[in-house]
Amino acid sequence: MPKVPGLLKGLGVTAGILGKTLKNGADTVQYPHEKEAPPVRARGVIALHEDNCTACMLCSRSCPDWCIYIEGHKQLAPPRRAGGKPRQVNHIDRFDIDYALCMYCGICVEVCPFDALFWSPEYEYSEPKIADLLHDKAKLGEWMETVPEAPELEVGAGK
Amino acid sequence: MLAQLAAEFPGWYPEWNIPYWLMSILRVVGGLVAVLLPAGGIVYIFLFKMMSFMQSRLGPMEAGPYGSMQLLAEVGKWMQKEDLAPDNADVRIYKMAPLIVLLSTFLLVVVVPFGPQAYFTNFETGIFYALAVASISVLGILIAGWSSANKYSLLGGLRAGGQLIAYELPMVLATLGVVIQAGSMNLNRIVEVQNTGEIFGIGLIGNPFVITQFIGFLIFMIAVQAELTQSPFDMPIAESELVSGYMTEYSGFRFLIFFIAEFATAGVFGFIASVLFLGGWGVPFTWFGWEGISDVAWWMNFVGPLIMFTKMFALVGVIMWVRFSYPRFREDQLQTFAWKVLIPLALANTAATAILKVVF
Chain A
162 MPKVPGLLKG LGVTAGILGK TLKNGADTVQ YPHEKEAPPV RARGVIALHE
212 DNCTACMLCS RSCPDWCIYI EGHKQLAPPR RAGGKPRQVN HIDRFDIDYA
262 LCMYCGICVE VCPFDALFWS PEYEYSEPKI ADLLHDKAKL GEWMETVPEA
312 PELEVGAGK
Chain B
56 MLAQLAAEFP GWYPEWNIPY WLMSILRVVG GLVAVLLPAG GIVYIFLFKM
106 MSFMQSRLGP MEAGPYGSMQ LLAEVGKWMQ KEDLAPDNAD VRIYKMAPLI
156 VLLSTFLLVV VVPFGPQAYF TNFETGIFYA LAVASISVLG ILIAGWSSAN
206 KYSLLGGLRA GGQLIAYELP MVLATLGVVI QAGSMNLNRI VEVQNTGEIF
256 GIGLIGNPFV ITQFIGFLIF MIAVQAELTQ SPFDMPIAES ELVSGYMTEY
306 SGFRFLIFFI AEFATAGVFG FIASVLFLGG WGVPFTWFGW EGISDVAWWM
356 NFVGPLIMFT KMFALVGVIM WVRFSYPRFR EDQLQTFAWK VLIPLALANT
406 AATAILKVVF
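Line by line, the protein sequences give chains A and B. Residue numbers for the first sequence follow my numbering, beginning at 162 and rising by one. Residue numbers for the second sequence follow my numbering, beginning at 56 and rising by one.
If you want it as structure tokens, here you go:
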């Protein structure tokens, strides 16, 4: 069979995509009307699991943009065993992430030794005022609901 | 009502007494429709929708149902913009240039026949007039390029001048084949010849010249593509090199006129190509037992324009399809293609047509 000239082939490609679009619809997702489902591991927003946080400041210090603000104080917690000494724990008063500065590098999530920070694929939190992009710990805690379940470990993977 | 009218006016010419002033208004309205409707239709159907679909996109969807009001939004946006001219520009002719280009489009549509009587004028040498008037747009483009006082505009204008003149020749020569075969330069006569013609004694589909003049048709369409400066022949407005060529300095209303002229001219060339090669407004006359143009029923004046618009959109669809599929030529390739390939081919085609015309 003789080779199809490239010029005709090119016309065929565009016509083929035209036909496919007419038949199956375009690849476009019409965003405000229909929502795109991001992949589970998408970096949408960072959620805070407050109970795990020890105000160790690792995230805040490793943040390239310095967009995490943490204030905390020490307080006494009841002992673990009866008759023991009261424990001293760090309690966070303030945990803010300024999403106007955040560049979604994820170093804070990586560096957290106590599994207090998580990625959530949620992405609709733009604000008319830039100051409103500062999410406090209550709001960061709300994002926890949108964090997907961690995927199963591979067989043979160490815990 | 139509049947009643037909009964009342037998024969081919309804003796309607249309006063001169009404005729003039009809002509102005008809001219505007024949220029602006194709322009809008081409931009919406092909530029907005077909191109998007070829890239698996949707195109404009928000303004009106399926984005059909997008054009009004665009026109409204352009109308609001300031009418700017550069400091060093030759302001008077700078402002005139887009109007000259649009004028050429309006002058072109004047000779296009839409039916046995539905034409603006019926020049004896209609195709000669059309080809002559088509080159007026080159003047407008050269003026725009020169008067903008901008190096990109100047380069774009020069490229456009070189290209449009180079591709006018194959267009004229391709038309020559049709003229020889039809034996007339009158566009209505060319339509009649095609629809009364026979191919080896079979007159079922008449003799549209696209069959006998296929090489001429190809050359004509390629030349039209270049005359319209559509990709792959869009060197004059090569946006990656020349910003926007001769249109660089234009904004607002005057840019809009350039834009309308570009697509209106595409539509008018579609009309002319369908008259020359696809049988124009007519259906094969044998279907209804018409002998010649004087037998054609009066209702063809209303059906004819519809047929013309259908053919025009089909042809322009092919032009746009090619536009969206191919990358741009280099300037030297563009000139070489015109002078070394198209023009010799068109000359050979003309000679062959002439010989065959004498032989048969």
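Think of the CB as a built atom: it goes at the ideal place given N, C-alpha and C, for glycine as much as any other residue.
Using only the alpha-carbon positions, how far apart do residue i and residue j sit?
{"i": "A/Leu237", "j": "A/Asp254", "result": "15 Å"}
{"i": "B/Pro65", "j": "B/Phe340", "result": "With a pLDDT of 48 at B/Pro65, under the threshold of 50, the predicted position of this residue should be treated as unreliable, and no value is reported."}
{"i": "B/Asn404", "j": "B/Leu273", "result": "11 Å"}
{"i": "A/Leu295", "j": "B/Gly217", "result": "60 Å"}
{"i": "B/Ile257", "j": "B/Pro74", "result": "43 Å"}
{"i": "A/Ala203", "j": "A/Asn213", "result": "23 Å"}
{"i": "A/Pro274", "j": "A/Val250", "result": "16 Å"}
{"i": "B/Ala61", "j": "B/Trp336", "result": "Here B/Ala61 scores only 49 on pLDDT, less than 50, and its place in the model is too uncertain to base an answer on."}
{"i": "A/Ser223", "j": "A/Leu262", "result": "14 Å"}
{"i": "B/Trp376", "j": "B/Trp353", "result": "36 Å"}
{"i": "B/Ala185", "j": "B/Met290", "result": "24 Å"}
{"i": "A/Leu172", "j": "A/Leu179", "result": "11 Å"}
{"i": "A/Lys181", "j": "B/Leu113", "result": "12 Å"}
{"i": "B/Val396", "j": "B/Leu370", "result": "23 Å"}
{"i": "A/Glu306", "j": "A/Tyr260", "result": "19 Å"}
{"i": "B/Thr365", "j": "B/Tyr121", "result": "22 Å"}
{"i": "B/Ile97", "j": "B/Leu331", "result": "21 Å"}
{"i": "A/Ile268", "j": "A/Leu209", "result": "14 Å"}
{"i": "B/Phe326", "j": "B/Gly232", "result": "18 Å"}
{"i": "B/Gln285", "j": "B/Arg378", "result": "6 Å"}
{"i": "B/Leu213", "j": "B/Ala199", "result": "10 Å"}
{"i": "B/Val358", "j": "B/Phe169", "result": "9 Å"}
{"i": "A/Glu283", "j": "B/Gln110", "result": "29 Å"}
{"i": "B/Asp350", "j": "B/Ser329", "result": "22 Å"}
{"i": "B/Gln311", "j": "B/Leu127", "result": "Per the sequence presented here, residue 311 of chain B reads as Leu, with Gln not at that position. C-alpha separation (whole angstroms): 12 Å."}
{"i": "B/Leu57", "j": "B/Gly195", "result": "With a pLDDT of 49 at B/Leu57, under the threshold of 50, the modelled position of this residue cannot be trusted, and the question is left open."}
{"i": "B/Glu129", "j": "A/Val165", "result": "41 Å"}
{"i": "A/Cys266", "j": "B/Ser380", "result": "40 Å"}
{"i": "B/Lys132", "j": "B/Leu411", "result": "55 Å"}
{"i": "A/Asp226", "j": "A/Asp188", "result": "35 Å"}
{"i": "B/Trp67", "j": "B/Asn356", "result": "Caution applies to B/Trp67, whose pLDDT of 44 falls short of 50 and renders its modelled position unreliable; the value that the coordinates give is listed next. Their Cα atoms are separated by approximately 10 Å."}
{"i": "B/Ala401", "j": "B/Ala229", "result": "6 Å"}
{"i": "B/Phe178", "j": "B/Leu224", "result": "22 Å"}
{"i": "B/Tyr301", "j": "B/Phe324", "result": "22 Å"}
Would you mind reading off the limits of the beta strand (DSSP E) that contains residue i?
{"i": "A/Ala208", "result": "206 to 209"}
{"i": "A/Ala238", "result": "229 to 238"}
{"i": "B/Asn262", "result": "No beta strand (DSSP E) holds B/Asn262; DSSP gives it neither H nor E."}
{"i": "B/Arg147", "result": "From DSSP, B/Arg147 is part of no beta strand (DSSP E) but of the alpha helix (DSSP H) over 146 to 164."}
{"i": "A/Phe279", "result": "278 to 281"}
Please list the partners that residue i has in chain A, where partner means a Cβ-to-Cβ separation under 8 Å.
{"i": "B/Ser380", "result": "Gly171, Leu172, Val174, Thr175"}
What residue does the alpha helix (DSSP H) around residue i start on, and which one ends it?
{"i": "B/Tyr75", "result": "75 to 96"}
{"i": "A/Val190", "result": "Per DSSP, A/Val190 belongs to no alpha helix (DSSP H) and is neither H nor E."}
{"i": "B/Phe314", "result": "307 to 332"}
{"i": "B/Val246", "result": "242 to 251"}
{"i": "A/Asp254", "result": "Premise fails: A/Asp254 lies in the beta strand (DSSP E), 248 to 259, not in any alpha helix (DSSP H)."}
{"i": "B/Lys366", "result": "355 to 380"}
{"i": "B/Ile348", "result": "Taken as a continuous stretch (DSSP letters only), B/Ile348 belongs to no alpha helix (DSSP H), as it is neither H nor E."}
{"i": "B/Ser203", "result": "Note, B/Ser203: premise wrong, no alpha helix (DSSP H); not H, not E."}
{"i": "B/Pro399", "result": "398 to 414"}
{"i": "A/Leu301", "result": "298 to 303"}
{"i": "B/Thr391", "result": "386 to 391"}
{"i": "B/Lys132", "result": "125 to 135"}
{"i": "A/Arg222", "result": "219 to 223"}
{"i": "B/Tyr296", "result": "Note that residue 296 of chain B is Glu in the sequence shown here, rather than Tyr. Where B/Glu296 is concerned, the enclosing alpha helix (DSSP H) stretches over 294 to 297."}
Can you give the beta carbon distance from residue i to residue j, rounded, assuming they're within the 8 Å contact cut?
{"i": "B/Ala319", "j": "B/Ile374", "result": "So it is not a contact: roughly 13 Å between Cβ atoms."}
{"i": "B/Asp138", "j": "B/Gly307", "result": "5 Å"}
{"i": "B/Gln249", "j": "B/Phe269", "result": "That belief does not hold up - the Cβ atoms of B/Gln249 and B/Phe269 are roughly 14 Å apart, past 8 Å."}
{"i": "A/Ile258", "j": "A/Ile229", "result": "5 Å"}
{"i": "B/Thr251", "j": "B/Gly238", "result": "With 8 Å as the limit, B/Thr251 and B/Gly238 do not qualify as a contact, their Cβ atoms being about 12 Å apart."}
{"i": "B/Pro171", "j": "B/Ile348", "result": "6 Å"}
Original post:
Got a sec: which bits of the stretch 353 to 387 of chain B sit with their beta carbon under 8 Å from any beta carbon on chain A, in order along the chain?
Top reply: Trp376, Val377, Phe379, Ser380, Tyr381
Subject >> Against chain B: residues of the stretch 174 to 197 of chain A by CB proximity under 8 Å >> reply: Val174, Thr175, Ala176, Ile178, Leu179, Lys181, Thr182, Leu183, Ala187, Asp188, Thr189, Gln191
Original post:
Can you list, in chain order, the residues of the stretch 104 to 127 of chain B whose Cβ is nearer than 8 Å to any Cβ on chain A?
Top reply: Met105, Ser107, Phe108, Met109, Gln110, Ser111, Arg112, Leu113, Met116
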